[in-house]
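Trainee: Pasting a structure here, questions to come.
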């Protein structure tokens, strides 16, 4: 079986190849030679990504009474980003190598004097700040159109809707606003497959708390977010919580910790949890002229809440779950590839496999498929040998395969195969839902 993700130097290539071959992730505009740093999620990838987001939403909103949802606009006027500081400060230091013309982020270079592309020494230009936001225009005529920006994060939509949510939801601090959505950053050096791209999907929550409670809730959400990954099958030795050093902290943050995963290239960020203080609400209140505070009728106190922000990357999380689940093992002198995804994340929960493509089995197999499809995403496959179909389902992470054979026509039962153990049980079709339901929670 493969070792942990970080110790397998070939794991990255295997995941990239598997993603394209089985339909998890495709290079965008591949027929035109591809478009750098953009990817399309295929039939399996869109299901995996959806399951990651649904599990996040379930834990952050559905199972809580103190968090509500929001879906804010992708386009925003410059005033929002001026207030947030993004127009002035949302930039990376960019250097060019005069020997090979490669561009790099200065803060990501192992040696600021050596080009990692061509090895030249002392060949970099002076660093200049490069703003990461995408700017466009809203209006039918370019000359008179308003400048707008694609959001580089989903957080600001929750801050500027603080009063709207406070009034309409009738919540009081501590309470949160959660959002899943696309963000856009004009990254200087995108790379590592879908880990760093210019278009990506975030899962963010802003948790508004009384100022004196901010440290408690910061520690609480750090632990909650670690537990979420562990509960969904992330190995504990491939996950860590790393507190930022003082020189890493944003000017408004009194504490930030990253949930990091051991990728093949080393430890890297999956999610950040930040104690943002009252910076965001005060900035938007000052620039908009609107009050963004809370009046506690019980105490007669009026205050600007502090904010704890868990901000995760949906695409990064999906990639990490794929890498953590990937395994190879020898079975009957052959190497079996299997994705040991938690059933809650698996693209297909069940696959229905008629033993033969003969017409005598198809009607019964379709009846079984119809029985299951209303409960779970279910695949139907009748091509190639049953062994090759099992291998295919193992490789895409399907937890259970249901085989309809010729005995099914006599005993109204099917064979259910477990992905991880390869053990098989004979189960009556009438009891199939009851058999699978506790195993697919």
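Numbering (my numbering), first residue to last: 2 to 442. C-beta atoms are modelled at their ideal positions from N, C-alpha and C, and glycine is treated no differently.
Using CA coordinates, which residue listed in 109, 415 and 152 is at the minimum distance from residue 83?
Mentor: Minimum Cα distance to residue 83 is reached at 152.
Trainee: Scan the stretch 6 to 39 and note each continuous beta strand (DSSP E) run of 3 residues or more that stays entirely inside, going in chain order.
Mentor: Whole beta strand (DSSP E) segments, 3+ residues: 26 to 28.
Trainee: If you reduce the DSSP assignment to three classes, tell me which class residue 194 lands in.
Mentor: Looking at residue 194 - three-state DSSP - the assignment turns out to be coil, as it is neither helix nor strand.
Trainee: Short of 8 Å in beta carbon distance, which residues of its chain neighbour residue 5, apart from the five on each side in sequence? Order them along the chain.
Mentor: Residue confidence is low: residue 5 scores 42 on pLDDT, short of 50, so the model does not pin down where it sits. Its coordinate-derived value is still stated next. Result list for residue 5: 236, 238, 239 and 263, in chain order.
Trainee: With a threshold of 16 other CB atoms inside 10 Å of the CB of residue 249, please say whether the residue is buried or exposed.
Mentor: Per the 10 Å Cβ criterion, exposed.
Trainee: Specify the secondary structure class of residue 4 as computed by DSSP and reduced to three states.
Mentor: Confidence in residue 4 is poor, its pLDDT being 42 and thus under 50, which makes the residue's placement unreliable; the coordinate value appears in the next sentence. Coil, per DSSP.
Trainee: Can you look up residue 1 in the DSSP assignment and give me helix, strand or coil?
Mentor: Not covered by the structure: residue 1. The range shown for the chain is 2 to 442.
Trainee: Anyone know if the C-beta pair for residue 54 and residue 315 falls short of 8 Å?
Mentor: Contact flag set, yes.
Trainee: Identify the continuous beta strand (DSSP E) that holds residue 204 and give its terminal residues.
Mentor: Its beta strand (DSSP E) spans residues 200 to 210.
Trainee: Could you name the residues of the same chain whose beta carbon sits closer than 8 Å to that of residue 379, not counting the 5 residues immediately before and after it, in chain order?
Mentor: Result list for residue 379: 349, 350, 351, 352, 353, 370 and 373, in chain order.
Trainee: Would residue 16 be called buried (16 or more neighbouring beta carbons within 10 Å of its own) or exposed?
Mentor: Buried is the call here.
Trainee: Considering only their Cβ atoms, is the gap separating residue 202 from residue 182 smaller than 8 Å?
Mentor: Result yes, Cβ atoms of residue 182 and residue 202 sit closer than 8 Å.
Trainee: I'd like the list of long-range same chain contacts for residue 161, defined as Cβ closer than 6 Å, with 5 residues on each side in sequence excluded.
Mentor: Same-chain partners within the cutoff: 285.
Trainee: Should residue 405 and residue 365 be called a contact, given that it needs their Cβ atoms to be closer than 8 Å?
Mentor: In contact: residue 405 and residue 365 (Cβ atoms closer than 8 Å).
Trainee: In angstroms with no decimal places, state the Cα-to-Cα distance between residue 116 and residue 81.
Mentor: Straight-line Cα distance between these residues: approximately 37 Å.
Trainee: Can you tell which of 221, 109 and 177 has its C-alpha closest to the C-alpha of residue 65?
Mentor: Looking at the Cα atoms, 177 is the closest of the given residues.
Trainee: With three or more C-beta pairs closer than 8 Å as the rule, is the stretch 204 to 222 touching the stretch 333 to 349?
Mentor: No: fewer than three Cβ pairs fall under 8 Å.
Trainee: In terms of alpha-carbon separation, which member of 409, 46, 205 and 171 lies closest to residue 433?
Mentor: If we check each option's Cα against that of residue 433, 409 comes out closest.
Trainee: Rounded to whole angstroms, what is the Cα-Cα separation between residue 435 and residue 425?
Mentor: Those two C-alpha atoms are separated by around 16 Å.
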